[in-house]
Each structure stands twice: as C-alpha cells, then as structure tokens.
Amino acid sequence: DIQMTQSPASLSASLEEIVTITCQASQDIGNYLSWYQQKPGKSPQLLIHSATSLADGVPSRFSGSRSGTQYSLKINRLQVEDTGIYYCLQHYSAPPTFGGGTKLELK
Amino acid sequence: EVQILETGGGLVKPGGSLRLSCATSGFNFNDYFMNWVRQAPGKGLEWVAQIRNKNYNYATYYAESLEGRVTISRDDSKSSVYLQVSSLRAEDTAIYYCTRRSYFDYWGQGVMVTVSS
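For the record, the sequence lines run as chains B and Z. Residue numbers are given in our numbering: position 55 of the first sequence equals residue 55, and the series is strictly consecutive. To get our numbering, take the position in the second sequence, counting from 1, and add 1000.
Written out as structure tokens, the structure reads:
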C-alpha cells in the first residue's frame, strides 16, 4: 500500500498567517492527490483535487502544489473558519490511503 | 444539488451483521464510482470499499483489514449503494461515510455503527 506521511500533526497559527501542510507519498502517485477539511462533528469536505485544482466553492486562499512525491496545501491569510483537521488522500492505486491528519488551531 | 444520505447504523453485538444504505440524488448515479469510508471515534479516515460503474463491470475493491467481512453493492435504478458488514468487532465501531468518485468529492453526513455487547 502507498503510505502518505502528513506533517505536522498539529499546528497553531495566527489570523492572516500563511499555513502550509505537507504530505509525502511513499512512491509516485502523479497528481492523484486530494485535500480535505473536517470540522468537529461534520463530514470531510473536498478542498483540492488532482493535486492543484480547487474544488467548487472553496475560497481561493486555499491552494495545492506538488514537488515530486511531496504535496502541499497552502492557506493564505488564515481565517477563523479555517480551523479543523486536514487530510490528504492518494487515489493513484488501490487501496486509497489517507494521511494521518493535521489539526489546525488558531493561536 | 448533490445529496448523499446514509442510513442503517446502530448498536450491534460483536459477531453481528449490519447493512448500511446510501441514497443519492442530484447527479447521474450510473456514471460514478462510489465508496464507503469510515472514521473510528477520535481517529483518522479509513477507506473501506469501492464499487465502480457499469463501464467497469461494477468491479469492487475492499480494504484488506475488512476483506471477507464486507460486501459493497449498488442499485443504479435506485441511485443507491450498500455496505453489508458481518462478523462485526469492537474495532469496527466508527462513523461510516458514503462518498462519490475516486477522489471522494462529495460525502454524506455519515452513520454511526457501534459494536458492543
């Protein structure tokens, strides 16, 4: 199975700060990488698919990038509503595998 | 508007079985792969199963940790997907989500399955 190593596990940042979360794939997964945000008691919501494509309705302060087998989610100008847990997912090959999650809090 | 609604969760004794249902609307269900993903209390996300569409002969795939105990199926006429889970164990306690597409673009609200005596 492809392992997705997500970092950091937790993060505390200030309003308007730039935040970056990364996922390292254990092998090449091309652009088959998605990012999700999950708020307490809610189901995850898609933010980014195909490594860099913003999902419908997602604010433009969210962006995704790729460098080899390392993928990043960047949040420009952090807002209060951006707190939650973020997950990456690879769906290049079965089984699809998630990163361990990053809990993002406001400082 | 895409809508996904899971039902069928509840409290089940160890060794028991459960059938989860996922009703969808707002898109052409026949065109899409569908999945089940679960999340144990306070834990991360775990993919459980996928069923592909008719073009892919309704191929099914399962997480190794559950293989032999789960069956995913779909009824295109009802825009619904199902998950049958048997020989339930305490570690199967989780919220089970129904998701669309290979990259899970839409999720239902989830249904809680609790395995306890």
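Beta carbons are placed, not taken as given, at the ideal position from N, Cα and C, and that holds for glycine.
Residue j beta carbon less than 8 Å from that of residue i
{"i": "L104 of chain B", "j": "L15 of chain B", "result": "no"}
{"i": "N1035 of chain Z", "j": "T1093 of chain Z", "result": "no"}
{"i": "I2 of chain B", "j": "Y92 of chain B", "result": "yes"}
{"i": "Y946 of chain Z", "j": "R1038 of chain Z", "result": "In the structure as shown, chain Z begins at 1001 and stops at 1117. Residue 946 of chain Z is therefore absent and cannot be evaluated."}
{"i": "I21 of chain B", "j": "T102 of chain B", "result": "yes"}
{"i": "Q6 of chain B", "j": "G100 of chain B", "result": "yes"}
{"i": "V1115 of chain Z", "j": "V1012 of chain Z", "result": "yes"}
{"i": "F955 of chain Z", "j": "D1076 of chain Z", "result": "Outside the modelled stretch of chain Z, which goes from 1001 to 1117, sits residue 955 of chain Z, for which no answer is possible."}
{"i": "S1086 of chain Z", "j": "R1074 of chain Z", "result": "no"}
Nearest neighbour of residue i, chosen from the options [CA to CA]
{"i": "I1072 of chain Z", "options": "Z:G1010, Z:T1007, Z:R1019, Z:G1008", "result": "Z:R1019"}
{"i": "S1102 of chain Z", "options": "Z:G1016, Z:S1017, Z:S1117, Z:F1033", "result": "Z:F1033"}
{"i": "A51 of chain B", "options": "B:T20, B:T5, B:S72", "result": "B:S72"}
{"i": "G1089 of chain Z", "options": "Z:N1030, Z:S1065, Z:I1004, Z:L1005", "result": "With the sequence shown as reference, residue 1089 of chain Z is identified as Arg, and Gly is not the correct amino acid for it. Checked all of Z:N1030, Z:S1065, Z:I1004, Z:L1005; the closest Cα to R1089 of chain Z is Z:S1065."}
{"i": "R61 of chain B", "options": "B:P96, B:L47, B:I29, B:Q70", "result": "B:L47"}
{"i": "G41 of chain B", "options": "Z:N1057, Z:Q1109, Z:T1024", "result": "Z:Q1109"}
{"i": "E1091 of chain Z", "options": "Z:T1024, Z:E1046, Z:Y1056", "result": "Z:E1046"}
{"i": "Q24 of chain B", "options": "B:K74, B:Q90, B:P96", "result": "B:Q90"}
{"i": "G57 of chain B", "options": "Z:V1111, Z:I1004, Z:D1105", "result": "Z:D1105"}
{"i": "K1078 of chain Z", "options": "Z:Y1056, Z:Y1058, Z:E1067, Z:A1023", "result": "Z:A1023"}
{"i": "T69 of chain B", "options": "B:Q38, B:C88, B:A94", "result": "B:C88"}
{"i": "N76 of chain B", "options": "B:P59, B:R66, B:P95", "result": "B:P59"}
Nearest-angstrom beta carbon gap, residue j and residue i [assumed within contact, 8 Å]
{"i": "A1049 of chain Z", "j": "A1063 of chain Z", "result": "7 Å"}
{"i": "Y36 of chain B", "j": "P44 of chain B", "result": "4 Å"}
{"i": "G1044 of chain Z", "j": "F98 of chain B", "result": "6 Å"}
{"i": "S1017 of chain Z", "j": "Q1084 of chain Z", "result": "7 Å"}
{"i": "L106 of chain B", "j": "A13 of chain B", "result": "7 Å"}
{"i": "T1006 of chain Z", "j": "V1111 of chain Z", "result": "The displayed chain sequence assigns Glu, not Thr, to residue 1006 of chain Z. So it is a contact: roughly 4 Å between Cβ atoms."}
Paired residues, beta bridge with residue i - DSSP
{"i": "V1113 of chain Z", "result": "Z:G1010, Z:A1094"}
{"i": "K103 of chain B", "result": "B:S10, B:I85"}
{"i": "V1082 of chain Z", "result": "The sequence shown places Tyr at residue 1082 of chain Z, rather than the Val named in the question. Answer is Z:S1021, Z:S1073."}
{"i": "Q3 of chain B", "result": "Answer by DSSP bridge pairing: none, since Q3 of chain B is not bridged."}
Which residue spans inside the segment 1044–1070 of chain Z form an unbroken beta strand (DSSP E) run of at least 3? 1045–1051, 1060–1062
Runs of 4 residues minimum, wholly inside the segment 15–63 of chain B: which ones carry the alpha helix (DSSP H) assignment? none
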